[in-house]
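**Student:**
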Amino acid sequence: MRIAVLTETDPIEPRVAAVPETVKKFIGLGSDVVVQSGAGAKAGVPDGEYEAAGAKIAGSADEALSGADLVLKVRRPNAEELGKIQKGATVIAIMDPYGHEDELKAAAEAGVNTFAMELMPRITRAQVMDVLSSQANLAGYRAVVDGAAEYGRSLPMMMTAAGTVPAARIFIMGVGVAGLQAIATARRMGAVVTATDVRPATKEQVESLGAKFVAVEDDEFKQAETSGGYAKEMSAEYQKKQAELVKGHIAKQDIVITTALIPGRPAPKLVSEEMVASMKPGSVLVDLAVERGGNVAGAKAGEIVTVGNGVKIVGHVNVPGRLAATASSLYARNLYAFVETLIDKESKALAVQWDDELVKATNLTRDGQVVHPNFQPKA
5 MRIAVLTETD
15 PIEPRVAAVP
25 ETVKKFIGLG
35 SDVVVQSGAG
45 AKAGVPDGEY
55 EAAGAKIAGS
65 ADEALSGADL
75 VLKVRRPNAE
85 ELGKIQKGAT
95 VIAIMDPYGH
105 EDELKAAAEA
115 GVNTFAMELM
125 PRITRAQVMD
135 VLSSQANLAG
145 YRAVVDGAAE
155 YGRSLPMMMT
165 AAGTVPAARI
175 FIMGVGVAGL
185 QAIATARRMG
195 AVVTATDVRP
205 ATKEQVESLG
215 AKFVAVEDDE
225 FKQAETSGGY
235 AKEMSAEYQK
245 KQAELVKGHI
255 AKQDIVITTA
265 LIPGRPAPKL
275 VSEEMVASMK
285 PGSVLVDLAV
295 ERGGNVAGAK
305 AGEIVTVGNG
315 VKIVGHVNVP
325 GRLAATASSL
335 YARNLYAFVE
345 TLIDKESKAL
355 AVQWDDELVK
365 ATNLTRDGQV
375 VHPNFQPKA
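In the numbering used here, the protein residues as written are 5 to 383.
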């Protein structure tokens, strides 16, 4: 079996889908691995390290894709790449299918079988394949680092001969994987940390990390979680009550980090213009949901906006990619763990078990059709 690893074409994507560690493992499974020249450059992996691991270096995407049975990417292949992938080949990537039904249809029409790593079910055997968690962990860490850099003041309390410097106050909105890592990072850096989430189970997690939990804890709050562990969309009445609570709290904060996302929907608006205006000059908001419309009013994807009262709104895109080497290493391991389940150990070829729960959850296109029930064309 021939595996192709491509250079990402999106200018904001520095990550790569394989690292020398996983290349060796793929070769150990009997696969030939071809890496497009420069694929790992932005993630700190030169071509020579791939060659040392046993991969062949291809001078172009055309060369890398020639005869490839399996294509590994970080982002969904664009139209040009699709045209170069042989019919019947399999592509595994972060496919970002919501709102991109036309691109899925194009992949199906090209005869390419596609799998979306971000749709991996949250079950025990799939934990090692969970790209959302591996990348969100890094995003949560980086959000605190970026927030601290823009804040321009120290985070921990410091007692000096010249006087005492108070600890910075950091508020985390949304306590998923990114939020928990942001709490842990902010606490390690000495800040006073508070956090909020609509899911009751997060209260204990927040408090176990040494932060204070802030939420309206009514009956709706007690049932605000799906069976898959995701946040439910809350009623307008609850959102109003929570907004009032947050409004008073947020005015006292130095750094606010928002992480709230609902799969398949625009990011919920958590911080209004009025709340931003209530913050002290020099305060910082970091919006990790900016690529999905943002949690913060006034946030702009790819920009750091300073509003009238001197508050900064940080809207970096692809935050895990700001730690490209680490993010690539984790993503590559997630990919390998999944691909290993698709390879027959005797024939050393792809042998997808189409009724496997991991396959059914992630398979988007197959045999010329969009097969995932969430993205099939409506009759």
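For every residue, glycine included, the Cβ atom is placed at its ideal position computed from N, Cα and C.
Going along the chain, which unbroken runs of the alpha helix (DSSP H) with 4 or more residues stay wholly within the region 186-258?
**Tutor:** Correct list: 206-212, 223-226 and 240-254.
**Student:** What's the gap between the Cα of Gln-40 and the Cα of Ala-62?
**Tutor:** Distance between the alpha carbons of Gln-40 and Ala-62: 5 Å.
**Student:** What does the alpha-carbon distance come out to for the pair Lys-316 and Leu-327?
**Tutor:** Taking the straight line from one Cα to the other gives about 22 Å.
**Student:** Please give me, in chain order, every unbroken run of the beta strand (DSSP E) with length at least 3 that falls completely inside the region 278-305.
**Tutor:** Listed in chain order, they are 288-291.
**Student:** Tell me the residue span of the beta strand (DSSP E) that contains Gly-167.
**Tutor:** Per DSSP, Gly-167 belongs to the beta strand (DSSP E) from 167-169.
**Student:** With DSSP run on the structure shown, which of helix, strand or coil describes Gln-373?
**Tutor:** Residue state, collapsed to three classes: strand.
**Student:** Assess contact between the region 197-215 and the region 303-310, defined as three or more Cβ pairs (one per stretch) separated by less than 8 Å. Is contact present?
**Tutor:** With a cut-off of 8 Å, the region 303-310 and the region 197-215 do not count as touching, because too few Cβ pairs lie within range.
**Student:** Ordered along the chain, which non-local residues of its own chain (more than five positions away) have a Cβ less than 7 Å from that of Val-294?
**Tutor:** So the list reads Ala-303, Ala-305, Gly-319 and Val-321, once near-sequence residues are dropped.
**Student:** Between which residues of its own chain and Gly-314 is the CB-CB distance below 7 Å, once the five residues before and five after are set aside?
**Tutor:** If we look at Gly-314 and ignore the five residues flanking it on each side, its Cβ neighbours are Pro-285 and Gly-286.
**Student:** Contact between the region 101-111 and the region 136-155: three or more CB pairs below 8 Å?
**Tutor:** Contact fails: fewer than three Cβ-Cβ distances are below 8 Å.
**Student:** Using only the alpha-carbon positions, how far apart do Ser-239 and Ile-187 sit?
**Tutor:** Answer to the nearest angstrom: the Cα atoms are 27 Å apart.
**Student:** Please identify the residue among Glu-53, Arg-129 and Glu-67 whose C-alpha is closest to the C-alpha of Leu-362.
**Tutor:** Among Glu-53, Arg-129 and Glu-67, the Cα nearest to that of Leu-362 is on Arg-129.
**Student:** Grouping DSSP H, G and I as helix and E and B as strand, with all else coil, what is Ile-174?
**Tutor:** Strand at Ile-174.
**Student:** Quick check on this structure: which residue in Pro-18, Glu-105, Ile-7 and Tyr-335 has the alpha carbon closest to the alpha carbon of Ala-59?
**Tutor:** Comparing Cα positions, the closest option is Ile-7.
**Student:** Based on the DSSP output, what are the partners of Ile-61 in its beta bridges?
**Tutor:** DSSP lists Val-39 as partners of Ile-61.
**Student:** Since Ile-259 and Ala-172 are thought to touch, with beta carbons under 8 Å apart, how far apart are those beta carbons, to the nearest angstrom?
**Tutor:** Right, the Cβ-Cβ distance comes to about 6 Å (below 8 Å), so this counts as a contact.
**Student:** Which stretch, first to last residue, makes up the beta strand (DSSP E) that contains Thr-310?
**Tutor:** 308-310 is the extent of the beta strand (DSSP E) around Thr-310.
**Student:** Comparing C-alpha positions only, which one of Ala-56, Thr-118, Glu-53 and Val-300 sits nearest to Leu-76?
**Tutor:** It is Thr-118.
**Student:** Buried or exposed: where does Arg-126 fall if 16 or more other Cβ atoms within 10 Å of its Cβ makes it buried?
**Tutor:** Exposed: under 16 other Cβ atoms inside 10 Å.
**Student:** May I ask which residues mark the beginning and end of the alpha helix (DSSP H) holding Lys-91?
**Tutor:** Where Lys-91 is concerned, there is no enclosing alpha helix (DSSP H), given that its DSSP letter is neither H nor E.
**Student:** Going by other Cβ atoms of all chains shown within 10 Å of its Cβ, with 16 needed for buried, is Ile-16 buried or exposed?
**Tutor:** Label assigned to Ile-16: exposed.
**Student:** Which residue or residues does DSSP assign as beta-bridge partners of Arg-6?
**Tutor:** Paired residues: Asp-36.
**Student:** Quick one: any contact between the region 20-27 and the region 85-95, if contact means 3 or more CB pairs under 8 Å?
**Tutor:** No: fewer than three Cβ pairs fall under 8 Å.
**Student:** Between Gly-297, Val-9 and Gly-71, which has its C-alpha nearest Ala-45's C-alpha?
**Tutor:** Ala-45 has its Cα closest to that of Val-9, out of Gly-297, Val-9 and Gly-71.
**Student:** For a test of the three-state rule: what should DSSP assign to Met-163, helix, strand or coil?
**Tutor:** DSSP places Met-163 in strand when its eight states are reduced to three.
**Student:** On the three-state DSSP scale, how would you describe Val-260?
**Tutor:** Val-260 falls in the strand class under three-state DSSP.
**Student:** Whole angstroms is fine: what's the gap from Thr-366's alpha carbon to Ser-137's?
**Tutor:** One C-alpha to the other measures close to 16 Å.
**Student:** Please return the same chain residues whose Cβ sits closer than 7 Å to the Cβ of Gln-380, not counting the five positions on each side in sequence.
**Tutor:** Val-374, listed in sequence order.
**Student:** If you run the structure through DSSP and keep just helix, strand and coil, what is Lys-316?
**Tutor:** Reduced to three states, the DSSP call for Lys-316 is strand.
**Student:** With DSSP run on the structure shown, which of helix, strand or coil describes Thr-3?
**Tutor:** With the chain covering 5 to 383 only, the question about residue 3 has no answer from this structure.
**Student:** Consult DSSP for Asn-367 and reduce its assignment to one of helix, strand or coil.
**Tutor:** Three-state result, Asn-367: strand.
**Student:** Nearest-angstrom Cα distance between Ala-166 and Arg-157?
**Tutor:** Answer to the nearest angstrom: the Cα atoms are 16 Å apart.
**Student:** Tell me which residues share the same chain as Gln-209 and place their Cβ nearer than 7 Å to its Cβ, disregarding the 5 neighbours each side in the sequence.
**Tutor:** The answer, listed in chain order, is Val-179 and Leu-184.
**Student:** Going by the CB atoms, is the gap between Ala-331 and Leu-142 shorter than 8 Å?
**Tutor:** Against a cut-off of 8 Å, the Cβ pair of Ala-331 and Leu-142 comes out as a contact.
**Student:** Grab me the residues of Ile-176's own chain with a C-beta within less than 6 Å of its C-beta, minus the 5 sequence neighbours each way, in chain order.
**Tutor:** Excluding positions up to five away in sequence, the list reads Gly-183, Ala-186, Ile-187, Ala-199 and Ile-261.
**Student:** Looking at Val-116: is its Cβ nearer than 8 Å to the Cβ of Leu-69?
**Tutor:** Their beta carbons are not under 8 Å apart, which means Val-116 does not touch Leu-69 by this criterion.
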